[in-house]
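Protein chains in written order, with this note's numbering: chain A, 98 to 188; chain B, 98 to 188; chain C, 98 to 188; chain D, 98 to 188.
Down below is the structure, laid out as structure tokens.
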DNA sequence: ACTCCAATACTTTAGC
DNA sequence: GCTAAAGTATTGGAGT
């Protein structure tokens, strides 16, 4: 069998993998699209707020800070878990 | 009126702005949450694919290239429209 | 003048740039070396501590958390600056 | 002895461990600081080079490649030593 | 020792 | 055009 023919008539396993890959890629692209839409929404909200006289720079900082606080709280919990675990305790 | 009293009994306009700002910030945070969920979903899809033997690095490149292609195509269409428009034609 | 000769006897400006680039690259490499040495030192300190019965996982978490706290404090200050700036005040 | 008193008057061994841990953590943090300073230095060198018209992206590639070369050379030397050692020779 | 996961550093893109 | 945020890739650490 020639190389060209081989390329035309792939192994079932390879074909399956190809289809599977295609499906996965398309699924990712759909998710990326949804994400892009959300990013656009967020941008729009900021723009509207700016139009109403709010300072977007400060707003972004506030959002960032509140997010950081949440992360910090989670870290503290993780720390507690770690300590309790080290002491042989579970909660 | 003392400064303290002023702080306790704000101007209606200020109060309104404050509530409005709060609403906007919370709306942004909700959108950010949804976005974070999507990012997590995408990461999970990649992780699954990796578990099935696919190379995620290459997959990411594929996704990026296809995105570029779409952008190019859109640009070309926009260019075509521009030219057709300049010639008084529509399609 | 042949191309080969030109390559051997470059323009002063080009030569200068080349020497300068060499110096910069070497400087970066020295800094990178120092950095690698520090990373090795840190790893060694953790290893020693482990040998004395300390839990490195917890230690790393502690270091991370303290770093996060510092970052948080800086963010708060930045926030304050931003607010004061927005109110036309400086400190 | 109540639990509270126990907490106030710890075992010598525990106290010692605590002080020791504190010392280790602080030592690590100092090393991390130095490391962060070096990272900042490196970034600054790149920034300066960029200001003088050098392409930082290419510079980074150069640094990376040279690092790889050094690693390769070390590997080859190690291999040579191994072979020579197997033949009962030293160099 | 080797694989998996986490973190850091680099790159690119978006906002101002 | 520059600064800052997001995404991506590489490195280092933990667990088996």
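Glycine included, C-beta positions come from ideal geometry on N, C-alpha and C.
Every value quoted in this text rests on a predicted model; they were computed, and no experiment measured them.
Quiz item: Counting Cβ pairs, one atom from each stretch, are 3 or more of them under 8 Å apart for the region 138-154 of chain C and the region 134-154 of chain D?
Solution: Under the 8 Å Cβ criterion, the region 138-154 of chain C does not count as touching the region 134-154 of chain D, having fewer than three qualifying pairs.
**Request:** Taking C-beta pairs closer than 9 Å, name the residues in chain B that residue 129 of chain A reaches, listed in chain order.
**Result:** On the first chain, residue 129 of chain A is found 32 positions in, with the first residue counted as 1. One finds 135, 139, 160, 164 in chain B with Cβ atoms closer than 9 Å to the Cβ of residue 129 of chain A, taken in chain order.
Practice prompt. Put residue 117 of chain B into one of helix, strand or coil per three-state DSSP.
Written response: In the second chain, residue 117 of chain B corresponds to position 20, counting from 1. Correct three-state label for residue 117 of chain B: helix.
Residue 135 of chain D and residue 132 of chain C closer than 7 Å at C-beta
Working through the fourth chain from its first residue, we reach residue 135 of chain D at position 38. Working through the third chain from its first residue, we reach residue 132 of chain C at position 35. Yes, the pair counts as a contact, with Cβ atoms nearer than the cut-off.
Using CA atoms only, rank isn't needed, just tell me which of C/117, C/111, C/112, C/110 is closest to residue 156 of chain D.
In the fourth chain, residue 156 of chain D corresponds to position 59, counting from 1. Of the candidates C/117, C/111, C/112, C/110, the one whose C-alpha sits nearest the C-alpha of residue 156 of chain D is C/117.
Check your understanding: According to the neighbour-count rule (16 or more other Cβ atoms, all chains shown, within 10 Å of its Cβ), is residue 177 of chain D buried or exposed?
Key -> In the fourth chain, residue 177 of chain D corresponds to position 80, counting from 1. By the neighbour-count rule (16 or more Cβ atoms within 10 Å), residue 177 of chain D is not buried but exposed.
Item checked: Start-to-end residues for the alpha helix (DSSP H) that takes in residue 177 of chain B -> Translated into the one-based positions of the second chain, residue 177 of chain B becomes position 80. Segment 153-183, the alpha helix (DSSP H) holding residue 177 of chain B.
**Asked** Exposed or buried, which one is residue 184 of chain B when buried takes at least 16 other CB atoms within 10 Å?
**Response** Here the question's residue 184 of chain B lines up with position 87 in the second chain. Of the residues assessed, residue 184 of chain B falls on the exposed side of the cut-off, its CB having fewer than 16 other CB atoms within 10 angstroms.
Classify residue 128 of chain B: buried if its beta carbon has 16 or more other beta carbons within 10 angstroms, exposed otherwise. One-based indexing of the second chain puts residue 128 of chain B at position 31. Residue 128 of chain B should be labelled buried.
Under the three-state DSSP convention, the category residue 148 of chain B falls into
As a position in the second chain, residue 148 of chain B is number 51, starting the count at 1. It is helical.
| query | Are the C-beta of residue 124 of chain C and some C-beta of chain D separated by less than 7 Å? | reply | Reading the third chain from its first residue, position 27 is the one you call residue 124 of chain C. At least one chain D Cβ lies under 7 Å of residue 124 of chain C.
Closest residue to residue 171 of chain A among C/172, C/162, C/112, C/170 (Cα-Cα distance): The residue you call residue 171 of chain A lines up with position 74 of the first chain. The shortest Cα separation from residue 171 of chain A among C/172, C/162, C/112, C/170 belongs to C/162.
CA-to-CA distance, residue 159 of chain A to residue 158 of chain C, given in whole angstroms: As a first step, residue 158 of chain C must be located in the third chain, where it is residue number 61. As a first step, residue 159 of chain A must be located in the first chain, where it is residue number 62. C-alpha of residue 158 of chain C to C-alpha of residue 159 of chain A: approximately 26 Å in a straight line.
Check: At a CB-CB cut-off below 9 Å, which residues of chain C make contact with residue 118 of chain A?
Finding: Position 21 of the first chain, counting from 1, holds the residue named residue 118 of chain A. For residue 118 of chain A, no chain C residue has a C-beta closer than 9 Å to its own C-beta; the minimum C-beta separation is roughly 37 Å.
So, residue 121 of chain A versus residue 144 of chain B, is the Cβ gap smaller than 7 Å? Stepping through the first chain from its first residue, residue 121 of chain A is reached at position 24. Stepping through the second chain from its first residue, residue 144 of chain B is reached at position 47. The answer is no: Cβ separation not under 7 Å.
Original post:
Is residue 110 of chain C close to chain D, meaning its C-beta is less than 7 Å from at least one C-beta of that chain?
Top reply: On the third chain, position 13 is the one that residue 110 of chain C refers to. Taking 7 Å as the CB threshold, residue 110 of chain C stays off the interface with chain D.
Exercise. From residue 110 of chain C to residue 126 of chain C, what does the alpha carbon distance come to, in whole angstroms?
Worked result: Taking the third chain and counting its residues from 1, one reaches residue 110 of chain C at position 13. Taking the third chain and counting its residues from 1, one reaches residue 126 of chain C at position 29. If you take the alpha carbons of residue 110 of chain C and residue 126 of chain C, they lie about 24 Å apart.
- Item | Three-state secondary structure (DSSP) of residue 187 of chain B | Locating residue 187 of chain B in the second chain gives position 90, where the first residue counts as 1. Here residue 187 of chain B sits in coil by DSSP.
Under 9 Å by beta carbon: chain D residues contacting residue 151 of chain C = Locating residue 151 of chain C in the third chain gives position 54, counting from the first residue. Simply 114, 117, 118, 121.
With a threshold of 7 Å on Cβ separation, who are the neighbours of residue 188 of chain D within its own chain once the five nearest residues in sequence on each side are excluded?
Counting from one through the fourth chain, the residue named residue 188 of chain D turns up at place 91. Excluding residues up to 5 positions away in sequence, 181 lie with their Cβ nearer than 7 Å to the Cβ of residue 188 of chain D in the same chain.
Rounded separation between residue 152 of chain A and residue 179 of chain C - CA only:
Taking the first residue of the first chain as 1, we reach residue 152 of chain A at position 55. Taking the first residue of the third chain as 1, we reach residue 179 of chain C at position 82. The C-alpha of residue 179 of chain C is placed about 10 Å away from the C-alpha of residue 152 of chain A.
Just the C-alpha distance for residue 173 of chain C and residue 130 of chain B, rounded to the nearest angstrom, thanks.
Taking the first residue of the third chain as position 1, residue 173 of chain C is located at position 76. Taking the first residue of the second chain as position 1, residue 130 of chain B is located at position 33. Whole-angstrom Cα-Cα distance: 22 Å.
| Contacts of residue 156 of chain B in chain A (Cβ-Cβ under 9 Å) | Within the second chain, the letter at position 59 stands for residue 156 of chain B. Result: 118, 121, 122, 125.
key: Proximity winner among B/149, B/168, B/154, relative to residue 114 of chain A (alpha-carbon distances)   = Numbered from 1 along the first chain, position 17 holds the residue referred to as residue 114 of chain A. With distances taken between Cα atoms, residue 114 of chain A lies closest to B/149.
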